[in-house]
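Structure, as structure tokens:
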Amino acid sequence: MRVKYLFLCIVFLSLAGCTKKTSFPAAYNNLPLTQKGRLLTAHTWKEMSVEVHKFIKGDTIQYDITKQFASVDRDDYTVFYPDGTFLFEEGKSKFTSNSAQKYQRGTWQLQEKEAVLSLTFNQSTDHYAILALTPFKMVLSLAVQTEDASYKYTLTYTPEIENNIEASLLDVPVYTEVEIAPQYPGGIEALGQMIRRKQKYPLEARKKGIEGKVLVEFIIHEDGKPGSFAVVQSLGYGCDEAAVQTLQMMPSWKPGKQKGKPVNVRMSVPIAFKLN
Numbered sequence: 008m009r010v011k012y013l014f015l016c017i018v019f020l021s022l023a024g025c026t027k028k029t030s031f032p033a034a035y036n037n038l039p040l041t042q043k044g045r046l047l048t049a050h051t052w053k054e055m056s057v058e059v060h061k062f063i064k065g066d067t068i069q070y071d072i073t074k075q076f077a078s079v080d081r082d083d084y085t086v087f088y089p090d091g092t093f094l095f096e097e098g099k100s101k102f103t104s105n106s107a108q109k110y111q112r113g114t115w116q117l118q119e120k121e122a123v124l125s126l127t128f129n130q131s132t133d134h135y136a137i138l139a140l141t142p143f144k145m146v147l148s149l150a151v152q153t154e155d156a157s158y159k160y161t162l163t164y165t166p167e168i169e170n171n172i173e174a175s176l177l178d179v180p181v182y183t184e185v186e187i188a189p190q191y192p193g194g195i196e197a198l199g200q201m202i203r204r205k206q207k208y209p210l211e212a213r214k215k216g217i218e219g220k221v222l223v224e225f226i227i228h229e230d231g232k233p234g235s236f237a238v239v240q241s242l243g244y245g246c247d248e249a250a251v252q253t254l255q256m257m258p259s260w261k262p263g264k265q266k267g268k269p270v271n272v273r274m275s276v277p278i279a280f281k282l283n
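Residue numbers for the sequence shown, in this note's numbering: 8 to 283.
Structure below.
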């Protein structure tokens, strides 16, 4: 739910050349799940509604400010996996129609006797109170404190039976290490040139003097097409969207191979934003 010139740190392109395989989505051993853990991981959860209340210091009145917030988050999806990771996918509603599709990966954990769901992404953790968790509905509450006020977000989710979150990969192996790595047309140098040519420095990031790196994960499919883009290290200020939009312009790769056969391979590219 809650995004001067660019250079690419292409030397960090991550892919090794062994024989390690993971059955998507689990990259690690599955956690021992409790009843709540099984309910959490049993569905893809679609955000249906959000309520926001504001509490001003020294004031006993609760202000409903829900209408002040855009409704673009209310069709977002989140999938919780048994290995303790989650995937967030932005829904069709966006602030601008040409915004890049946003994916984010992180880790989840049930705490405080399973009364709290903690979500960690990009080295930041939010703690959601679990108000309800059934096979038919999940309601979470998040408290946010500022200098002069506090805010309470109440988010309601329902299971989504049909969804597109890497649906084509749910029963297909995805490799992280293969005998023959995927190859970009013309090689790594050509990939760097393409990114430097296509990438745009977001205006908001430029104005605020933001520099840093966005790490984008994606999958090169058996047919060589790149897809399933996910931001695994965020910079914000429009840089995440800019990085994903650029990589989405990549042409098909020569697919990776394992035992002589084309396979799906998970890769990641760090894209650095640096002002002159």
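Think of the CB as a built atom: it goes at the ideal place given N, C-alpha and C, for glycine as much as any other residue.
Distance between residue j and residue i (C-alpha atoms, nearest Å)
i: Y182; j: P192; result: 20 Å
i: K281; j: E218; result: 5 Å
i: K2; j: L222; result: Residue 2 lies beyond the residue range present for the chain, which begins at 8 and ends at 283; the question has no answer from this structure.
i: I202; j: Q255; result: 10 Å
i: K64; j: I72; result: 16 Å
i: V272; j: F225; result: 8 Å
i: A212; j: T41; result: 43 Å
Reference residue i, options the options, closest by Cα
i: G267; options: G231, K220 and V185; result: V185
i: F62; options: Q118, A237, A150 and L242; result: A150
i: Y208; options: E196, D247, S259 and I195; result: D247
i: Q75; options: Y84, P258, G91 and E58; result: E58
i: P142; options: V123, E167 and G263; result: E167
i: Q111; options: V238, L140 and L147; result: V238
i: K232; options: K144, P269 and Q116; result: P269
i: L47; options: D66, K264, Q69 and P89; result: P89
i: K261; options: T114, T132, Y135 and I187; result: I187
i: I195; options: D133, Q69 and S275; result: S275
i: Y327; options: M145, T51 and R273; result: With the chain running from 8 to 283 in the structure shown, residue 327 is simply not present.
i: L285; options: N129, Q69, E121 and T67; result: Because the chain in this structure spans residues 8 to 283, residue 285 falls outside the shown range and cannot be described.
i: L198; options: L138, K220 and M257; result: M257
i: L140; options: L117, E211 and D66; result: L117
i: L210; options: P189, F87 and Y244; result: Y244
i: L162; options: A49, H60 and N283; result: H60
Residues that residue i bridges to, as DSSP identifies them
i: H134; result: S125
i: N283; result: Answer by DSSP bridge pairing: none, since N283 is not bridged.
i: R204; result: Looking at the DSSP assignment, R204 forms no beta bridge with any residue, so it has no partner.
i: T41; result: T41 pairs with nothing; no bridge assigned.
i: G234; result: I226
i: E58; result: T161
Integer Cβ distance of residue i from residue j, believed to fall under 8 Å
i: K53; j: Y164; result: 6 Å
i: I227; j: A250; result: Wrong, their Cβ atoms sit about 17 Å apart, outside the cutoff.
i: S148; j: A136; result: 4 Å
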